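Heads up, the thing below is written out as C-alpha cells.
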Amino acid sequence: MDPEELATLVARAREGYWGPLARAVTVVENSPPWEVIVPRAARPCHVVGITGPPGAGKSTLTGRLIESLADAGQRVAVVAIDPSSPLSGGAVLGDRLRMDAFLDGRPGVFVRSLASRGSHGAVAGSTRNVARLLELSGLFDVVLVETVGAGQTEVAIVEVADTVLLVTVPGLGDAVQTIKAGLMEVADMFVVNMADRPGAAETARHLRLAAGRTGVVHQTVALDGTGVAELRAGIEERWRWLQAEGRLDSMRRDKWGSDAALVAEAWVADCATSVSLNPDEAMADSVEKILKEASQRWTR
Ligand SMILES: Nc1nc2c(ncn2[C@@H]2O[C@H](COP(=O)(O)OP(=O)(O)OP(=O)(O)O)[C@@H](O)[C@H]2O)c(=O)[nH]1
Ligand SMILES: [Mg+2]
Numbered sequence: 004m005d006p007e008e009l010a011t012l013v014a015r016a017r018e019g020y021w022g023p024l025a026r027a028v029t030v031v032e033n034s035p036p037w038e039v040i041v042p043r044a045a046r047p048c049h050v051v052g053i054t055g056p057p058g059a060g061k062s063t064l065t066g067r068l069i070e071s072l073a074d075a076g077q078r079v080a081v082v083a084i085d086p087s088s089p090l091s092g093g094a095v096l097g098d099r100l101r102m103d104a105f106l107d108g109r110p111g112v113f114v115r116s117l118a119s120r121g122s123h124g125a126v127a128g129s130t131r132n133v134a135r136l137l138e139l140s141g142l143f144d145v146v147l148v149e150t151v152g153a154g155q156t157e158v159a160i161v162e163v164a165d166t167v168l169l170v171t172v173p174g175l176g177d178a179v180q181t182i183k184a185g186l187m188e189v190a191d192m193f194v195v196n197m198a199d200r201p202g203a204a205e206t207a208r209h210l211r212l213a214a215g216r217t218g219v220v221h222q223t224v225a226l227d228g229t230g231v232a233e234l235r236a237g238i239e240e241r242w243r244w245l246q247a248e249g250r251l252d253s254m255r256r257d258k259w260g261s262d263a264a265l266v267a268e269a270w271v272a273d274c275a276t277s278v279s280l281n282p283d284e285a286m287a288d289s290v291e292k293i294l295k296e297a298s299q300r301w302t303r
C-alpha cells in the first residue's frame, strides 16, 4: 500500500473519523504483511491478546472488558479474528452480537472483525499490522485482539501483544490441553472463565503451579461480569509495570525481531506455492529452489 494514502487515512482518523479508520484497517487487513509499513506510534497503547480454546468465553469476556475499560474512561479498540472454517462461520455474527451488546452509547470503542483469509502466517502478520495501525491512530488506550481456536494464528499474536491473556475454563483436561498447545509459556496472565462451574478454584491452582508464578491467575464469570473489574485492574497493573524501567521498549524490540522472522516465513511460504518441486530430488534442492524464487521476487 502507498504509505501516503495510509498516512492520509490515519490523519483523518485522528480527527475522530471512524470511517477513515475503518478504511485504513481494511487496507492493512487485505495487504500481505510484507507490503505494509505501519510507522511506529509516538505513544504506545496497551495491546492485549486474548486467546484460549474455542468456546472458553473469550468474546463474552472481551465484551465485559470493553464495558469495564470504557467505564473507567479508557478508549478501546477490539480486533476479533473470525474463524475461516465454514463450520464455524456462524460464530462471526455471534461474536459481533455479543460484543455489540456492550457498545450502546459508549464513545471511544471501535470493534472490528477480521476475516482470516489466506495462509495462517499472512493472516497473523496482517493482524499484527492492524493492531499497530490502531495504536498509530492515537485514538485508543487499549487494543484488545481476540484470536479464535488453536494453532499458529493464536501463537503468532504473541509478537504484537504486550500482554497475552490465556482464557481457560474449569477442568484439568482443558488446562493440560492448553499447556500442550504451547500457550502456557507465552501467556502473561491467566483467566479461568466460567467460574460459576465446578472446579474453577482447582483449575486456577493448577494453572498457578504450571505457570510457576503467583498472582497472575484470575477467575471470572463473563456471563454476569463477576471478577472482571479485578481482571481489568490486573491488566492495568501490568501496563504500569511494563512502562516502568523501559521494559515495554525492550520487550517490543525483542518481539520485532521474531515478527520479522514470521513475516519472512509467510513470504517464503507464499513464494513456495509457485515453485514446481519433485519428490525425487533432495530436500535441500527443493528448499534452495524456493529460497531462490523468494529472493528473485523480493523487490523492495
Ligand atoms: N456458564 C457460563 N457460560 C459462559 C461464560 N462465559 C461465556 N459463556 C458462554 O459460553 C459460550 C461461548 O462463549 P463465547 O464468548 O462465544 O466463547 P469464545 O471463546 O469467544 O468462543 P469462540 O470464539 O468460538 O472460540 C456462550 O454460550 C457464552 O454465553 C461464563 O462465565 N459462564
Ligand atoms: Mg469468540
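Its first residue numbered 4, the sequence shown is counted upward by one per residue in my numbering.
Where is the CB? At the ideal position from N, CA and C, for every residue including glycine.
Just so you know, these numbers come straight off a predicted model, no measurement behind them.
Exercise for review: Compute every distance between the C-beta of Ala225 and the non-hydrogen atoms of ligand 2, then say whether any falls below 8 Å.
Suggested key: no
Review point. What did DSSP end up calling Gly92 once you bin it into helix, strand or coil?
Key: Only weak support is given to the placement of Gly92: the predicted model assigns it a pLDDT of 36, under 50, and the value that follows is read from those uncertain coordinates. In the structure shown, Gly92 sits in coil (DSSP, three-state: anything other than H, G, I, E or B).
Check your understanding: Mind checking whether the beta-carbon of Ala232 lies closer than 8 Å to any heavy atom of ligand 1?
Key -> no
Review point. Can Val172 and Thr150 be called in contact, C-beta distance under 9 Å?
Key: no
**Study point:** C-alpha distance - Val82 paired with Glu296, whole-angstrom precision
**Key:** 34 Å
Exercise for review: Give me the Cα-Cα distance between Thr11 and Ala247, rounded to the nearest whole angstrom.
Suggested key: 33 Å
Review point. What do you reckon, are the CB atoms on Ala80 and Val145 nearer than 9 Å?
Key: yes
Check your understanding: Less than 8 Å between the CB of Lys292 and some heavy atom of ligand 2, yes or no?
Key -> no
Review point. Taking just the CA atoms, how far does Ala204 sit from Pro56?
Key: 19 Å
Review point. Do you know offhand how far Val266's Cα is from Asn33's?
Key: 15 Å
Check your understanding: When burial is assigned at 16 or more other CB atoms within 10 Å of the CB, is Ser71 buried or exposed?
Key -> buried
Check your understanding: Secondary structure at Gln246, three-state DSSP: helix, strand or coil?
Key -> helix
Check your understanding: So, using beta-carbon positions, are Arg250 and Leu139 closer together than 9 Å?
Key -> No, the pair does not count as a contact, with Cβ atoms beyond the cut-off.
Exercise for review: Name the two residues that bound the continuous beta strand (DSSP E) containing Gly52.
Suggested key: His49 to Thr54
Review point. Alpha carbon to alpha carbon, how far is Glu239 from Asp283?
Key: Going from the Cα of Glu239 to the Cα of Asp283 covers about 56 Å.
Review point. Ends of the alpha helix (DSSP H) at Ile69?
Key: Lys61 to Asp74
Check your understanding: Do you know whose CA, among Gly58, Leu68, Ile40 and Ser129, lies nearest Val51's CA?
Key -> Leu68
Check your understanding: Do Asn196 and Thr54 have their C-beta atoms closer together than 9 Å?
Key -> no
**Study point:** Between the CA atoms of Leu168 and Glu162 - distance to the nearest angstrom
**Key:** Each residue's Cα considered, the two are about 13 Å apart.
Exercise for review: Out of Asn281, Thr302, Ala214 and Cys274, point me to the one whose CA is closest to Ile293's CA.
Suggested key: Cys274
Check your understanding: Roughly how many angstroms separate the alpha carbons of Phe143 and Trp21, rounded to a whole number?
Key -> 12 Å
**Study point:** Buried or exposed (CB count within 10 angstroms, at least 16 for buried), Trp242
**Key:** Classification of Trp242: buried, given that the 10 Å Cβ count is 16 or more.
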